[in-house]
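Everything on this sheet refers to the single structure shown next.
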Amino acid sequence: MSIADKFLFQVGGNVKEPWHSVLSASGWQMMHIPDAQRLTGVRHVGNATVGLIYADEALLPKLGKLASQFAKHDLAWILLVEQRLVGSPAVARFIDEFCYDYHSLPVNPGVLIVTLGRAHGMVTLHRTQQTSDNEYQSEIIGEHPSIQRIRRDIRKIAPTDVNVLISGESGTGKELIARALHQQSPRADAPFIAVNCGSLPANLVQSELFGHERGAFTGASEKRIGRIEAADKGTLFLDEIGDMTFDTQINLLRFLQEGIIDRVGGNTSIRVNARVISATHVDLPKAIALSRFREDLFYRLNVCRLHLPPLRERHSDILPIAHYLLDFHAGRLGVPRKRLSTETGRAMVGYSWPGNVRELTNRICQGLVMASGRHIKPQDMGLNPGAPFESRTLEKARKEAERDAVRMALALHNGSNVKAAQELGVSRATFYRLMQRHLGVTLEGGEALGTAAENAGSSGDDASS
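The numbering of the sequence shown is the working numbering, which starts it at 1 and goes up by one.
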């Protein structure tokens, strides 16, 4: 690291301490702020990465009031305090909430330099991640089997030009998946055009998607290229495709079949080469049965299917996603990096997350802004600290995993016990025992096994609706 990079604040203490010369010889530059209350006037820390707080007895009563001032600066704070004061509740709480580390007085320069180097490295790494991680939306976080399967499927599907339909509840991250497909495809350098079909005004939807010529309708004072044409050579992402009007579905079907569009008011067909990825929270087969969605369009869109499960079905991913979002949004919001308290983690895992990852993102941002210390408490995120938390034993987790695997295998192979057993890599006898244990089926006839398969399949249908 260069000398210019090693810059720190010292709050309190003397302008010249005996150990300052050792720090200076090691390449550290220092700015001294004589009184902690003057920290309120410091609005920009520049290249500083570390802050030293010289805590004497006069400062202790003020720590609570000054906490927000320390928290607003993205520095690794190190508290310098007499050993006899470390046991003070106020000091212990301050160290836990706001400090990277602490050192007892008198200062041991050699030990302090090691701590400063570590703190500097952590802050530098964090800031580098913030500035280089603007593409966080391309990251698919989670190790739940369903997410691992989606990552594998993306690697298979992305290099091809097939149309993809992504299903899942609102807020599960369908656009994130669409962008990942685009970024891993040969079209990555071409446009990615996202359209929310549910938000387009009914009277302008044709113009928005297909464009219009000058004078095509009142207010059309100039020619306009539509979203489909803008996606030429790239990817068109049609979000909430289930909300598209029936008339627009007909025109979209023609584009998918022939690769051409007509601008509103135009008399010349335009050829467009765009890959189409669509997403919906609607049960499209049910919409087809109700004559709300065209069956032929559904088959054009649904060449490959990806389903995103709701967050409540993959509790093990909640905290990893939260930690990732904490790092990203701390940089975006310009606030110091913060951590989740243990109580907050339990409240998050016990919460049902009806808004899925979108709600999690909003609550993380709320927590970053509202938390007064380095730890985000449940109330900072608007969560109930008394929310029920089910601590699962390893045995219970294993049983749930077995049950889900049995259901998935049966659904995948249309109720075939032999193929389902092969899928799971177990003998037929073992698979029968698993069915009896987890699905409550009897083994005296095909009817019971067929019912188990039907239940497994209907369970999957419910999850995708």
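For glycine and all other residues, C-beta sits at the position ideal for the given N, C-alpha and C.
Pull the bridge partners of residue i from the DSSP assignment, please.
i    : result
M31  : F9
L368 : Beta-bridge pairing links L368 to no other residue.
I113 : According to DSSP, I113 bridges with nothing at all.
A279 : I166
S104 : V81
L264 : As written in the sequence, residue 264 is Val, which differs from the Leu given in the question. H212, per the DSSP bridge assignment.
L52  : Q10 and I78
R339 : H375
Out of the options, state which residue places its alpha-carbon closest to the alpha-carbon of residue i.
i    : options                   : result
Q183 : P159, G171 and A202       : P159
R118 : E240, T49, T235 and A405  : T49
N14  : A190, P61, R263 and L80   : L80
N203 : M244, I33, K62 and A429   : M244
H103 : E82, A401 and S170        : E82
F7   : Q29, K16 and E17          : Q29
A231 : G219, R271 and H212       : R271
L63  : M370, V91 and G87         : V91
L306 : E295, C365 and R151       : R151
V335 : E359, I318, G367 and G345 : G367
I33  : G12, S170, E139 and E175  : G12
L105 : G121, I113, T124 and R84  : R84
I53  : A287, D101, D317 and L333 : D101
V162 : T430, Y324, E400 and I277 : I277
D283 : L383, F192, S170 and H212 : S170
L439 : E423, S185 and A401       : A401
How far does the beta strand (DSSP E) with residue i in it reach, from first residue to last?
i    : result
F192 : F192 to N196
G173 : Taken as a continuous stretch (DSSP letters only), G173 belongs to no beta strand (DSSP E), as it is neither H nor E.
On the DSSP letters alone, give me the boundaries of the alpha helix (DSSP H) that residue i sits inside.
i    : result
V272 : Unbroken run through V272: none, as it is neither H nor E.
S167 : Here S167 belongs to no alpha helix (DSSP H); instead the beta strand (DSSP E) covers V164 to S167.
L424 : N417 to L424
I141 : Element bounds for I141: n/a, residue is neither H nor E.
E97  : P89 to F98
V466 : The requested residue 466 is not part of the displayed model; the chain covers only 1 to 465.
R151 : P145 to I157
A429 : R428 to L439
Would residue i count as contacting chain D if we go by Cβ distances under 9 Å?
i   : result
G13 : The structure shown contains no chain D, having only a single protein chain.
| message | Three or more C-beta pairs under 8 Å: does that hold for the region 336–351 against the region 166–180? | response | no
| said: Tell me whether the region 216–230 and the region 170–187 touch, counting them as touching only if at least three CB pairs, one residue from each stretch, are closer than 8 Å. | reply: no
| Contiguous alpha helix (DSSP H) assignments of at least 4 residues, all confined to the region 283–335 | 284–289, 295–301 and 318–333
| Should the region 307–320 be called in touch with the region 352–366, which here means at least 3 C-beta pairs below 8 Å? | yes
| query | Do the region 235–245 and the region 190–203 touch if we need at least three Cβ pairs shorter than 8 Å? | reply | yes
| request: Check whether the region 370–380 touches the region 85–101, taking contact to mean three or more Cβ pairs, one atom from each stretch, closer than 8 Å. | output: yes
| message | Runs of 4 residues minimum, wholly inside the region 201–262: which ones carry the alpha helix (DSSP H) assignment? | response | 205–210, 227–230 and 246–258
| request: Say whether the region 8–27 touches the region 106–121, bearing in mind that this needs 3 or more beta-carbon pairs closer than 8 Å, one atom from each stretch. | output: yes
| said: Taking contact to mean 3 or more Cβ pairs, one atom from each stretch, closer than 8 Å, check whether the region 292–301 and the region 248–262 are in contact. | reply: yes
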